[in-house]
Amino acid sequence: MNRIVSLIPRNTYILHVALFGVFISGMLWLIAHFISDGLYPLASALSAIAVFLALVLLRRHFTPLRWLAIGIALALLFTLYPLLYTLYLSVTNMGSGHLMSKQQAITRLEAEMYLAEGGETYQWAAFQAPDGTYALWLIDSSGTGYFALPDQSLQADPPGIGALDEDNIPTSIDGYERLPLNRTVPIITQLSALAFGAPPDTVRIRSLREAAALQPKYRYDAAQDAILDQETGAVYRPVEGTFTSETGEELPIGYIEFIGLRHFQDFLGNPGFREPLLRVLLWNIIFAFNSVFASFAVGLVVTLLFENLPGKRIIRALLIIPWPIPVLISILIWRSMLNPDLGFVAPILESIFGSSPEWFQNPFWTRFAVIMVNVWLSYPYFYVISAGAIRSIPGEIYDAAVVDGANGWKKLYHITLPLLLRIVMPLLIASFTFNFNNFNVIYIFNYGNPPMANTVVPMGHTDILISFVYRLAFITSNVTNYGLAAAITVMLFVLVAGFVLIQMRFTNMFRETEE
């Protein structure tokens with residue numbers, strides 16, 4: 086009996102190993118499939134997850150993590166994969182015209198068709214069989230009619246053709262139903278993808294009225310790794326992900342290719358990028374620091390002024406009103422109030438001072454307005470934090486300070502601020518990190534404008550790095566460059582990671598865990 090009991094854990098372990106073998110075999114197949122498709126970041130993330138699961142299931146030292154293995158694996162997938170994919174994009178030429186793999190680009194090019202010189206054009210009408218098969222009735226320039234089926238030769242006089250109407254189109258064909266125009270329009274895309282007839286007389290639909298004997302315009306020659314234009318005879322060879330002819334003409338469809346650290350060199354070495362982006366980086370730091378400092382200061386002042394007044398519960402509720410209001414609504418309200426034509430702030434300032442700042446055109450005042458709006462959104466958070474932290478300071482310390490002759494300012498400077506900062510400093514650093522990437526305020530308020538002059542790509546005076554990356558990757562027309570945007574994102578990640586390490590170093594966040 087004891088022997089049977091002792092064998093149970095071993096049998097269970099063998100069962101775990103067998104199940105893991107099946108699972109890991111499936112993952113390895115999936116990883117190999119992703120690698121063959123060129124999805125290297127996803128394959129790398131899955132490889133890391135496979136290694137982690139192998140350690141958890143096969144090493145007794147990691148047994149306590151088994152209950153969390155699935156959650157940790159999903160966390161790794163949704164955290165590690167975006168990081169690896171961004172890093173991968175930063176060393177590629179992905180952008181406008183380079184959005185797919187080489188094989189996908191070749192397939193797209195080979196699907197393009199052209200009408201050769203002297204090629205026949207036809208008028209057409211659509212027919213459909215009960216099984217869903219489509220057929221065409223084609224009429225050439227001489228008025229001769231042909232019955233056309235996919236991948237079958239054209240038939241000039243097929244059996245079962247009914248009487249012709251005034252357009253020389255059969256009113257009926259045995260086994261097929263003629264489709265009226267209102268039923269043809271919804272399936273025109275589906276019909277255009279079909280090749281009717283057999284080579285070299287393949288016919289494709291060009292429009293709702295016309296079909297033509299189209300031929301493939303491009304053909305890929307693997308021997309010389311080139312795209313051949315069968316219409317002009319030009320040869321296009323790959324040059325950094327773009328098929329280019331000897332005359333310099335480029336095909337519009339390119340593919341993603343590894344280009345190394347070029348984007349980083351462009352960022353750091355090109356004055357057209359470097360100088361404006363250095364200004365953006367400086368403003369990014371100023372925006373984050375001033376937002377945190379002013380929000381903390383306002384929250385602390387509000388705490389000290391209103392905490393001991395009668396009716397403080399009502400006052401607290403009024404003071405934290407900006408917090409529960411959605412950020413989008415608050416920023417749009419501020420935009421409306423500061424609008425020089427529709428808002429009420431400009432008329433009030435003009436009546437008092439004779440003029441109103443250009444909140445949306447002047448770089449200084451736009452930056453001031455952005456920080457002001459961000460302080461309005463953030464101070465309730467610091468008010469709540471400061472109020473709770475101040476209540477945790479023992480009252481005996483203040484009593485002792487009064488006995489020593491300290492006035493209100495000295496108590497604030499020597500007692501309240503040092504003890505308060507000791508408590509909230511990690512939150513201040515975390516808030517700085519958050520505001521360093523605070524896309525919403527920047528973009529919703531004025532889209533990063535007013536624009537800078539003489540820049541390689543459009544950027545604004547209130548753009549921070551994250552809004553500039555968004556503008557570069559998704560908004561800017563004709564110069565969309567995902568690779569460069571990813572490279573800047575990588576550098577931004579390194580910068581923010583530096584702030585996090587500083588936070589961990591000077592606040593000793595994990596001291597207890599380490600000990």
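In my numbering, the protein residues as written are 86 to 600.
Think of the CB as a built atom: it goes at the ideal place given N, C-alpha and C, for glycine as much as any other residue.
Cβ neighbours of residue i in the same chain (closer than 6 Å, five flanking residues each side left out)
| i | result |
| --- | --- |
| T256 | G247, A248 and D250 |
| V430 | M422 and L423 |
| R263 | F212 |
| A241 | Y231 |
| D259 | G245 |
| W408 | P465 |
Euclidean distance between Cα positions of residue i and residue j
| i | j | result |
| --- | --- | --- |
| L353 | L346 | 11 Å |
| L293 | A190 | 28 Å |
| P549 | F381 | Checking the displayed sequence, the identity of residue 549 turns out to be Ile instead of Pro. Cα-Cα distance, rounded: 21 Å. |
| I587 | G106 | 43 Å |
| F524 | F281 | 53 Å |
| R420 | N447 | 15 Å |
| I370 | G428 | 30 Å |
| D551 | L497 | Here residue 551 is Ile; the residue named in the question, Asp, does not match the sequence. Distance between the alpha carbons of I551 and L497: 37 Å. |
| L127 | Y219 | 41 Å |
| Y303 | Y166 | 36 Å |
| L221 | G203 | 22 Å |
| N534 | G490 | 53 Å |
| P536 | H183 | 28 Å |
| S227 | I338 | 38 Å |
| Y125 | I116 | 9 Å |
| V365 | R452 | 12 Å |
| N178 | F343 | 7 Å |
| K187 | L174 | 15 Å |
| P243 | A233 | 10 Å |
| S132 | A154 | 15 Å |
| E607 | R289 | The first residue shown for the chain is 86 and the last is 600, placing residue 607 beyond what the model contains. |
| F328 | Y199 | 19 Å |
| A357 | L577 | In the sequence under discussion, the amino acid at residue 357 is Gly, which differs from the Ala named in the question. Whole-angstrom Cα-Cα distance: 19 Å. |
Residue i (DSSP reduced to helix, strand or coil)
| i | result |
| --- | --- |
| I341 | coil |
| F584 | helix |
| I482 | helix |
| I549 | coil |
| L100 | helix |
| F429 | coil |
| F281 | strand |
| Q188 | helix |
| Y468 | helix |
| I224 | strand |
| A402 | helix |
| R590 | helix |
| L504 | helix |
| H146 | helix |
| A210 | strand |
| A233 | strand |
| R420 | helix |
| R88 | Note on R88: pLDDT 45, under 50, position unreliable in the model; no value is reported. |
| I76 | Residue 76 lies beyond the residue range present for the chain, which begins at 86 and ends at 600; the question has no answer from this structure. |
| I290 | strand |
| Q446 | coil |
| Q240 | strand |
| L249 | strand |
| E195 | helix |
Boundaries of the alpha helix (DSSP H) in which residue i is found, first to last residue
| i | result |
| --- | --- |
| A379 | P356 to F391 |
| I478 | Premise fails: I478 is in no alpha helix (DSSP H) and is neither H nor E. |
| W494 | G493 to K496 |
| G156 | A154 to S175 |
| A308 | From DSSP, A308 is part of no alpha helix (DSSP H); its letter is neither H nor E. |
| A128 | Y125 to L143 |
| P323 | Taken as a continuous stretch (DSSP letters only), P323 belongs to no alpha helix (DSSP H), being part of the beta strand (DSSP E) at V320 to V324. |
| F524 | F524 to N531 |
| L266 | L266 to T269 |
Assumed close pair residue i, residue j - CB separation to whole angstroms, cut-off 8 Å
| i | j | result |
| --- | --- | --- |
| V581 | T518 | 6 Å |
| A297 | T206 | 5 Å |
Extent of the continuous beta strand (DSSP E) to which residue i belongs
| i | result |
| --- | --- |
| T327 | T327 to T329 |
| M198 | M198 to L200 |
| A298 | First-last for A298: undefined, no H or E at that position. |
Own chain partners of residue i with C-beta closer than 7 Å, once the 5 adjacent residues on each side are dropped
| i | result |
| --- | --- |
| G180 | T565, N566, Y567 and G568 |
| V585 | T518 |
| V460 | S376, A379, S380 and V383 |
| G318 | none |
| L505 | S471, A474 and I475 |
| L602 | Nothing in the structure corresponds to residue 602, since the chain is present only between 86 and 600. |
| L570 | The residue you asked about is not Leu; residue 570 is Ala in the sequence shown. So the list reads V554, L557 and A558, once near-sequence residues are dropped. |
Same chain, Cβ closer than 8 Å to residue i, neighbours up to 5 away in sequence not counted
| i | result |
| --- | --- |
| Y486 | Correcting the residue type first, residue 486 is Ala in the shown sequence and not Tyr. Within the same chain, A486 has close Cβ partners K495, K496, H499 and I500. |
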